[in-house]
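Here is the structure we will look at.
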Amino acid sequence: MHKDKIELSLSLNNTCNLRCRMCRIWNSGEEENKLTLKKCLDIIEELGEFEVKGVRISGGDPLLVPWALDLMGYISKKKYHSCATTNGSMINEIYALKIAASGLSNLNFSLDSYTPAIHDAIRGMPGCRDRIMDAIGYIAKEKMKPEIGINTVISNFNLDDLLILMDAIQNDKRVNHIYFMAIMQPFNTPLDKEWFLKEDFRGLWPEDKDKVRYVINELIARKKSGYKINNSFAQLRAFIDYFIDPLHFARKNTCNLGKEVMEVNQLGDVFLCHSYASIGNVFQDSLSNIWTSEKARLVRAKIDRCTQNCNLLINCYFEDENV
Amino acid sequence: MYRPRICSIELFRRCCLRCRMCHMWKTKEQDGGLDKDSLICLADGLLTVMDGEREVVFSGGEPLLHPDIIEIIKQFSLRGFKVGMASNGVLIDRDKAGELADAGLKNIQLSLDSVNKETHDFLRGVPGTYEKVLQAAAHLSAYKGKISVCAQTVISGKNLEELVDTIEFVKNNGRFNAISFMAVTTPFFAPIDHNWQENNEFSFLWPRDSKLVDKVIDQIILLKAKGYPIANPVDQFELFRSYFHQPHKRRPGVRCQLGDYVLSIDPSGEVRMCCFMDPIGNIRSNAIAVLLDKPEVEKMRQDMRVCRKVCNTLVNCFFKG
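Protein chains in written order, with the numbering used here: chain A, 875 to 1197; chain B, -7 to 313.
What follows is the structure, given as structure tokens:
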């Protein structure tokens, strides 16, 4: 038994019903999702070999998978911390009841603006901001409910509106926290260091450096006064550096993704880091064997030497000591 | 924003039968209809506006004539919709039943107008239809845990005397989960005629013997009380009785509730709150949330609540006690 402390990320699908400007997963075609409920339950069972920090359920939008709630129920039965991120469109009053009953620990909604027109324009689907607010209401009504979080991607589209969103969320007692992310190269597009200069994505990138500095410093000031912002001060400051000079922003230390995080995608392929090859597939080997495999060792060695500016590190897996 | 719970989607107007009470097959709108991509796009949009169990009902024409119907059902059920379908059953063989179950279809209404083969085939206009619909029900019944199969019977002057036997058949035959009734109304896609019951082409459809209507409806209510699998509520049968006695009379106490939970989309993509009202827009030019957010939708819903039109939609599909 390894008893390595890991966080498992399960990406249940690569389909989504929104058409977000900062994510092209919806454009990835109709690739079949190979993960099944049975396979996911087996994976959760195998987590007994590890010390588990938690299980992230992601996608696409994972709530579009019909058995997502069964999986959440099983994770909660095993007493693991679980979180899921959703665009909220699936959640009506009936679905909210089921989520609450599943025992999910944390439910994060992707909300980029408090203004319906701005959020809907970024997410490419009219009505989706209203659906999130309705969904929060339905979830909040339940007695046993997950913590409710908001994930917000900072981009040129919502920079003017960010503080309005922050203040609205601060005053909304139903929401436990907000977590900001910086706009990165849209998922499912060919890798390009200078992506933000390209015509397709130009609108996403905040050109006005003074405004970026002002808005993020205001967020820092609000966090100092006790606002429920889940990012650390260091991460918010790192966002400023990144927006001011995206090509030269770099981590100061090596990252430790390979030591704590394991991601399984919808095909069952397992990754330590998306910049490197898969270290195995859950349909061919056990999670434990994959984690300790020669492939995993080689990828860890590459991660140790890696100096890339990296999406994961500035956003989801940011660690203070890196900056 | 209006958040419907049921969305009725009319895929196209093609049909392989020649039903006496529906002349859709005679229309010149046989081509076209809603394609797979438009429907998947619609599914994505409906997720952001619908509430409840998000029921989607595909109709036509005959939905199974749509070349992509299995993929369409799959995409809707993958998105968590409760997908139902109205079908004449003639295209459902063993393989098709399996495909429908795998795609996630939750319920299907199969037209069955009588236990009497001659009556059913006469009303549906094509010989052999009766045998085919029973075969379809048999194939579908292999997936009873997945698909609920309901016989759908249109009450008319032609089958009135055979209804009780039809109920007994459905109960004892084991292929159907339930039977649901509709009352014959103005034949679809025939020229609008408020006195259609007197038109020679359709007069046989109207049950003229009031005493027989009363007797049969009383028998059906009794069977329902005994626990027979009859889907309609008792007060709907009382409404049928009153409708057959006086088809043109407004029935007090029956309030239109369509605007409370239903949305309809026709084969050209036009979205309607009510088939007698103008469309609120088209799914090909606007997202569904944009259409439902229009101020005129609220106005239409208010008008529908106080509408006093004698409307047979209320008698049938969307009856609420």
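C-beta atoms are modelled at their ideal positions from N, C-alpha and C, and glycine is treated no differently.
Where residue i falls, given that 16 or more other Cβ within 10 Å makes a residue buried
| i | result |
| --- | --- |
| residue 202 of chain B | exposed |
| residue 184 of chain B | exposed |
| residue 1197 of chain A | Confidence at residue 1197 of chain A is low in this model, with a pLDDT of 39, below 50, so the placement of that residue should be treated as unreliable; the coordinate-derived value is given next. Classification of residue 1197 of chain A: buried, given that the 10 Å Cβ count is 16 or more. |
| residue 97 of chain B | buried |
| residue 919 of chain A | exposed |
| residue 298 of chain B | exposed |
| residue 267 of chain B | exposed |
| residue 123 of chain B | exposed |
| residue 1059 of chain A | buried |
| residue 240 of chain B | exposed |
| residue 238 of chain B | exposed |
| residue 951 of chain A | exposed |
| residue 1015 of chain A | exposed |
| residue 190 of chain B | exposed |
| residue 1122 of chain A | exposed |
| residue 963 of chain A | buried |
| residue 339 of chain B | An answer regarding residue 339 of chain B cannot be provided, because it is not within the stretch -7 to 313 covered by chain B. |
| residue 126 of chain B | buried |
| residue 9 of chain B | buried |
| residue 11 of chain B | buried |
| residue 273 of chain B | buried |
| residue 231 of chain B | buried |
| residue 224 of chain B | buried |
| residue 883 of chain A | buried |
| residue 112 of chain B | buried |
| residue 54 of chain B | buried |
| residue 1040 of chain A | buried |
Beta-carbon neighbours of residue i, restricted to chain A and to distances below 7 Å
| i | result |
| --- | --- |
| residue 39 of chain B | 891, 963 and 964 |
| residue -7 of chain B | 1001 and 1004 |
| residue 95 of chain B | Within chain A, no residue comes near residue 95 of chain B; the closest Cβ sits about 12 Å away, beyond 7 Å. |
| residue 71 of chain B | 891 and 938 |
| residue 282 of chain B | 1000 |
Listed by chain order, chain B residues near residue i by CB distance under 7 Å
| i | result |
| --- | --- |
| residue 1210 of chain A | Here chain A has residues from 875 to 1197 only, and residue 1210 of chain A is not among them. |
Interface residues of chain A facing residue i [CB-CB closer than 9 Å]
| i | result |
| --- | --- |
| residue 36 of chain B | 890, 891, 892, 893, 900, 963 and 999 |
Contacts that residue i makes with chain B (C-beta to C-beta distance below 9 Å)
| i | result |
| --- | --- |
| residue 1060 of chain A | What residue 1060 of chain A touches in chain B: nothing, since even the nearest Cβ is about 18 Å away. |
| residue 967 of chain A | 43 and 44 |
For residue j and residue i, believed in contact at Cβ under 8 Å, the rounded distance
| i | j | result |
| --- | --- | --- |
| residue 78 of chain B | residue 49 of chain B | 7 Å |
| residue 934 of chain A | residue 966 of chain A | Contact flag wrong, Cβ pair sits at about 19 Å. |
| residue 1092 of chain A | residue 1037 of chain A | 6 Å |
| residue 89 of chain B | residue 131 of chain B | 4 Å |
| residue 92 of chain B | residue 143 of chain B | That belief does not hold up - the Cβ atoms of residue 92 of chain B and residue 143 of chain B are roughly 17 Å apart, past 8 Å. |
| residue 1030 of chain A | residue 1080 of chain A | 4 Å |
| residue 72 of chain B | residue 2 of chain B | With a Cβ gap of about 22 Å, residue 72 of chain B and residue 2 of chain B do not count as contacting. |
| residue 115 of chain B | residue 64 of chain B | The pair is not a contact, with the Cβ atoms about 29 Å apart (cut-off 8 Å). |
| residue 176 of chain B | residue 208 of chain B | Residue 176 of chain B to residue 208 of chain B, Cβ: 14 Å. No contact. |
| residue 76 of chain B | residue 45 of chain B | 11 Å between Cβ atoms; not a contact. |
| residue 1021 of chain A | residue 1045 of chain A | With a Cβ gap of about 17 Å, residue 1021 of chain A and residue 1045 of chain A do not count as contacting. |
| residue 917 of chain A | residue 1086 of chain A | Actually they are not in contact, since the Cβ atoms of residue 917 of chain A and residue 1086 of chain A sit about 40 Å apart, beyond 8 Å. |
| residue 1096 of chain A | residue 998 of chain A | Contact doesn't hold; Cβ gap of about 29 Å is too wide. |
Any C-beta of chain D under 8 Å from that of residue i
| i | result |
| --- | --- |
| residue 226 of chain B | Protein chains in the displayed structure are A and B, and chain D is not among them. |
Per-residue contacts from residue i into chain A (C-beta, under 8 Å)
| i | result |
| --- | --- |
| residue 279 of chain B | 999, 1000 and 1001 |
Residues that residue i bridges to, as DSSP identifies them
| i | result |
| --- | --- |
| residue 281 of chain B | Bridge partners of residue 281 of chain B: none, in fact. |
| residue 144 of chain B | B:103 and B:172 |
| residue 50 of chain B | B:1 and B:77 |
| residue 121 of chain B | Paired residue(s): none; residue 121 of chain B is not in a bridge. |
| residue 968 of chain A | None; residue 968 of chain A has no bridge partner. |
Check: residue i C-beta below 7 Å from any heavy atom of the ligand ADP
| i | result |
| --- | --- |
| residue 294 of chain B | What this structure holds is no ligand at all, so the ligand ADP is not there to describe. |
Mind listing, in chain order, the continuous beta strand (DSSP E) runs of no fewer than 3 residues lying wholly within the region 65 to 113 of chain B?
Unbroken beta strand (DSSP E) runs of no fewer than 3 residues, entirely contained in the region 65 to 113 of chain B, are found at 74 to 79 and 99 to 103, following chain order.
To test your reading of the DSSP string, which unbroken alpha helix (DSSP H) runs of 4 or more residues are found completely within the region 174 to 252 of chain B?
Correct list: 202 to 217 and 226 to 237.
Scan the region 1004 to 1065 of chain A and note each continuous beta strand (DSSP E) run of 3 residues or more that stays entirely inside, going in chain order.
Taken in chain order, the unbroken stretches of beta strand (DSSP E) that lie wholly in the region 1004 to 1065 of chain A and span 3 residues or more are 1021 to 1028 and 1051 to 1056.
Which runs of the alpha helix (DSSP H) at least 4 residues long sit entirely within the region 1104 to 1191 of chain A? Give them in chain order.
Listed in chain order, they are 1107 to 1118, 1131 to 1134, 1161 to 1165, 1168 to 1179 and 1185 to 1188.
For the region 894 to 925 of chain A, list the alpha helix (DSSP H) runs that are entirely contained and at least 4 residues long, ordered along the chain.
Within the region 894 to 925 of chain A, the complete alpha helix (DSSP H) runs of at least 4 residues are 911 to 920.
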